[in-house]
Amino acid sequence: MALGDLFDRLFKLIGKTWLRNLTIAVIILGPAGLIMGASADMGFSQLANLLESRDHVDSFSSSELSTLLGFALWFGIGLTLMLIGSVITTVAVTIIGCAEMSGETLSWQEALSRTFHIRVLKVFGQYLLEGALLSAIVVIPYMLLIIGIAVDSVALGFVGGLLIFAALLVAVYLGISFAFTVPAISWEDADVIESFRRSWSLVRGNWWRTFGILLLMGIMVSFAASIMMTPLYLIFLWDFFKAYFEAFSALAGGENDPTILITMIKSLGFGVGILSAISSIIQLIITPLYVVIMYFDLRARKGEFSQSSASTVAP
Amino acid sequence: MATPLSQSPQAHEAVLLDGSWERSGRSPNTAALLGLLGIGVLYFNGQSLFAIAAIAIVKLTGGETGSSFDSLLSSFQSFVGPLRIVVFITQFTLMLAPTLFLVSRWHSSNVRSYLRLTGVSIVDILLAVLITIAFLPAGNYIAEELVRQLQIPEKLMKINATIFTSHSPLEFFWLVLAVCLTPAVCEELFFRGYVQRTFERTIDWRSVVLVGIIFGLFHFNPLGLLTLAVLGMLLGYFFYRSKSILPSMAAHFTNNLVAIAVLYRTADGTALFPVGSIPLWLVGVTLPFGIGLLLLYHSRTAFRFQTDMLHESVS
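Quick note, the sequences are listed as chains A and B, same order.
Residue numbering for the first sequence is 424 to 738, as defined by my numbering.
Residue numbering for the second sequence is 12 to 326, as defined by my numbering.
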């Protein structure tokens with residue numbers, strides 16, 4: 424497929440599936456976003472109250488500390504739920520996209536039911552394995568650099584620095600080569616190791632093309648998301664911006680009013696949680712779809728679709 | 012009786028869709044979205060890089076710097092000249108040139124016809140200009156109200172306005188060229204001529220609303236979003252009804268011209284047109300007048316709208 428055809432199919436696929444994908448994303452990520460927002464709101468309010476009640480914050484009492492840690496824990500739970508929800512949404516959206524590309528229309532309930540199968544556990548395993556592999560590649564030379572700085576060894580530091588650069592290139596190379604593990608698991612029901620092998624074989628011989636197209640699509644999706652998010656930042660962080668400009672006016676007038684900082688902290692919480700949920704939803708209803716498009720394109724390039732079945736590939 | 016600006020034979024000619032996108036039978040909506048995002052990414056990133064380069068050059072050649080608020084304002088003033096040049100250059104090179112390229116390559120060898128660079132009655136152009144002027148107080152009132160609600164400091168607004176402020180007739184003339192004529196030509200050909208025109212082929216009048224909102228979002232100015240979106244819809248409506256880009260170009264030019272005329276400062280720093288805040292009564296007078304003129308525009312363009320619709324649908 425030419426680049427224009429890829430985009431044409433992508434936009435058609437988004438148009439056909441966006442409502443189902445949005446429903447899934449809201450059901451899965453909505454509660455996580457609310458928990459994150461509420462815990463952040465309570466945590467920031469608690470912190471602001473503590474700052475307000477004291478002149479100096481040297482130490483916290485054990486009860487104050489436990490309250491703050493409690494909110495941090497809730498925030499952590501919200502964040503973890505958000506990450507888990509992102510993986511589930513990615514799998515469900517991928518299944519819907521793959522089904523549509525194969526001429527099958529799945530409802531969001533069917534997609535979720537297929538997702539909450541062994542597949543989602545495999546995708547978790549795959550993410551952990553890939554994450555560990557890519558992190559190790561970057562972390563090892565980074566540690567060499569730190570050791571080099573710590574023992575005052577210029578040579579070790581230099582080698583570490585060079586290796587970081589090389590490691591980043593390797594990480595990008597592997598990241599692209601393993602970009603199609605999720606569709607391999609979600610659609611072909613491949614095992615974790617098999618999905619790596621499958622993705623690798625699909626990308627082999629088409630690495631630069633895949634890299635270029637994924638990069639281009641990624642940039643465009645980020646740009647579209649940033650355009651949509653700009654007014655939402657103002658709406659959800661209205662009180663924060665109001666306090667921010669108040670602080671700005673005070674500073675411009677040579678005053679320093681610490682209560683404004685407290686208002687700013689108080690007004691941050693809920694908006695941050697909701698905004699991260701909305702941002703994730705926007706990204707997650709589009710990103711898996713362009714991976715799906717590329718996955719089918721690479722399969723077609725490898726001659727996996729016969730002439731007779733080729734017509735069913737188009738959404 | 013209205014006097015046509017030009018009686019070009021192309022004015023009522025069916026547009027020949029012989030570009031590569033059209034020949035391959037891809038969706039016009041995809042082309043519009045792809046053009047929008049592609050040129051958007053190119054324009055904003057390119058403009059940012061040019062702006063960074065311009066600021067770096069000013070800094071290297073000993074531009075003013077400082078840490079206090081007033082020195083920040085004066086240091087910003089030293090960047091204004093180069094930034095205006097950046098806006099001027101990037102609008103032509105990163106917005107207009109890719110738009111013309113896309114139209115000629117993807118859609119039609121007759122670029123002028125596709126973009127509706129066709130003659131129209133001078134009365135229609137004057138009406139579009141008057142309607143825009145009549146809507147200006149309402150738009151500015153909303154923007155001012157948001158600024159008041161957020162308590163944005165006046166000094167900060169002053170920094171924001173610096174780029175549009177001129178202090179001599181020569182500087183004013185340069186501003187007319189850089190921030191009135193250039194956006195009126197480049198942004199109109201991009202948003203209305205290309206994006207709206209391409210969307211219009213499938214979603215008809217809804218393209219006016221859609222591209223109006225996109226026009227507002229593309230300015231990355233959440234405070235001005237509502238005003239800019241309404242302006243975008245108004246410009247889109249002129250384009251949609253008259254089947255010519257000239258009324259929207261003239262209206263866009265007028266909108267920007269009023270802004271820079273209001274910000275013009277004489278040698279002693281006083282405003283040439285001291286307008287102050289927009290009173291609500293002015294909105295109450297001008298808005299119904301604007302709506303009345305809009306109805307007049309609607310009835311005046313009815314014949315051309317019907318006949319050109321017929322011609323364009325033939326292709």
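No residue lacks a Cβ here, since even glycine has one placed at the ideal position from N, Cα and C.
In this text, all values refer to a predicted model and were calculated from it rather than measured experimentally.
query = Between the C-alpha atoms of Leu591 (chain A) and Ser649 (chain A), what's the straight-line distance to the nearest angstrom?
reply = 26 Å
message = Determine whether the beta carbon atoms of Leu228 (chain B) and Leu236 (chain B) lie at a separation below 9 Å.
response = yes
ask   = Quick one: does Ala22 (chain B) have its CB under 9 Å from some CB of chain A?
value = Only weak support is given to the placement of Ala22 (chain B): the predicted model assigns it a pLDDT of 43, under 50, and the value that follows is read from those uncertain coordinates. It does not: the Cβ of Ala22 (chain B) has no partner Cβ on chain A nearer than 9 Å.
ask   = Is the CB of Phe646 (chain A) under 9 Å away from at least one CB in chain B?
value = yes
query = Is Tyr275 (chain B) near Thr176 (chain B), with beta carbons less than 9 Å apart?
reply = yes
task = State the DSSP-derived secondary structure class of Ala313 (chain B), mapped to helix, strand or coil.
result = helix
key: Nearest-angstrom beta carbon gap, Ser253 (chain B) and Thr312 (chain B) [assumed within contact, 8 Å]   = 5 Å
request  = Tell me, please, whether the CB atom of Phe719 (chain A) is closer than 9 Å to any CB atom in chain B?
outcome  = no
inquiry  = Taking beta-carbon pairs under 8 Å, can you tell me which members of the region 142-173 of chain B lie near chain A?
reply    = Gln160, Leu161, Gln162, Ile163, Pro164, Lys166 and Leu167
task = Answer with buried or exposed for Phe210 (chain B), where buried requires no fewer than 16 other C-beta atoms within 10 angstroms of its C-beta.
result = buried
request  = State the start and end residues of the unbroken alpha helix (DSSP H) segment that holds Glu211 (chain B).
outcome  = Arg208 to Ile214
message = Assuming the contact rule is C-beta atoms closer than 8 Å, Ile142 (chain B) and Leu304 (chain B) should be a hit. Round their C-beta distance to whole Å, please.
response = 5 Å
ask   = Quick one: is Lys725 (chain A) near chain B, going by C-beta distance under 9 Å?
value = no
Own chain partners of Gly30 (chain B) with C-beta closer than 8 Å, once the 5 adjacent residues on each side are dropped = Val114, Ser115, Arg116, Trp117, His118, Ser119 and Ser120
inquiry  = Do Phe55 (chain B) and Phe646 (chain A) count as a contact pair if the criterion is CB distance below 9 Å?
reply    = yes
inquiry  = Using 9 Å as the threshold, is the C-beta distance between Ile701 (chain A) and Met640 (chain A) below it?
reply    = no
ask   = In three-state DSSP terms, what is Ser120 (chain B)?
value = coil
inquiry  = Please tell me whether Phe663 (chain A) and Met687 (chain A) are closer than 9 Å, where the distance is taken between their beta carbons.
reply    = yes
task = Identify each residue in the region 100-119 of chain B for which the Cβ-Cβ distance to at least one residue of chain A is less than 9 Å, and report them in chain order.
result = Trp117
Pairwise C-alpha distance: Gly580 (chain A) and Thr41 (chain B) = 49 Å
ask   = Roughly how many angstroms separate the alpha carbons of Met465 (chain A) and Val695 (chain A), rounded to a whole number?
value = 12 Å
key: Presumed contact (8 Å Cβ cut-off) between Ile136 (chain B) and Ala261 (chain B), rounded CB distance   = 5 Å
message = Assuming the contact rule is C-beta atoms closer than 8 Å, Ile511 (chain A) and Ile451 (chain A) should be a hit. Round their C-beta distance to whole Å, please.
response = 5 Å
Sufficient close CB pairs (3 or more, under 8 Å) joining the region 515-526 of chain A to the region 567-582 of chain A = no
inquiry  = Check whether chain B comes within 9 Å of Glu669 (chain A), counting only Cβ atoms and requiring the distance to be less than that.
reply    = yes
message = By the three-class DSSP mapping on this structure, what secondary structure does Ala602 (chain A) have?
response = coil
Collapsed DSSP secondary structure at Glu727 (chain A) in the structure displayed = coil
query = Of all the options A:Pro711, A:Phe668 and A:Ile608, which has the alpha carbon lying nearest to the alpha carbon of Ile683 (chain A)?
reply = A:Phe668
query = Is it right to say Lys725 (chain A) is buried, meaning 16 or more other beta carbons lie within 10 angstroms of its own, or is it exposed?
reply = exposed
ask   = Can you find a C-beta in chain A that's less than 9 Å from the C-beta of Arg37 (chain B)?
value = yes
Proximity test, Cβ basis, 9 Å: Pro290 (chain B) and chain A = no
ask   = What residue range is occupied by the uninterrupted alpha helix (DSSP H) comprising Glu198 (chain B)?
value = Thr193 to Glu198
Separation of Gly548 (chain A) from Leu535 (chain A), as counted between CA atoms = 19 Å
inquiry  = Can you check whether the C-beta of Leu28 (chain B) is within less than 9 Å of a C-beta belonging to chain A?
reply    = no
task = Could you check what DSSP says for Ser576 (chain A) in three-state terms: helix, strand or coil?
result = coil
Contact belief for Leu126 (chain B) with Leu200 (chain B) at Cβ below 8 Å, rounded distance in angstroms = 6 Å
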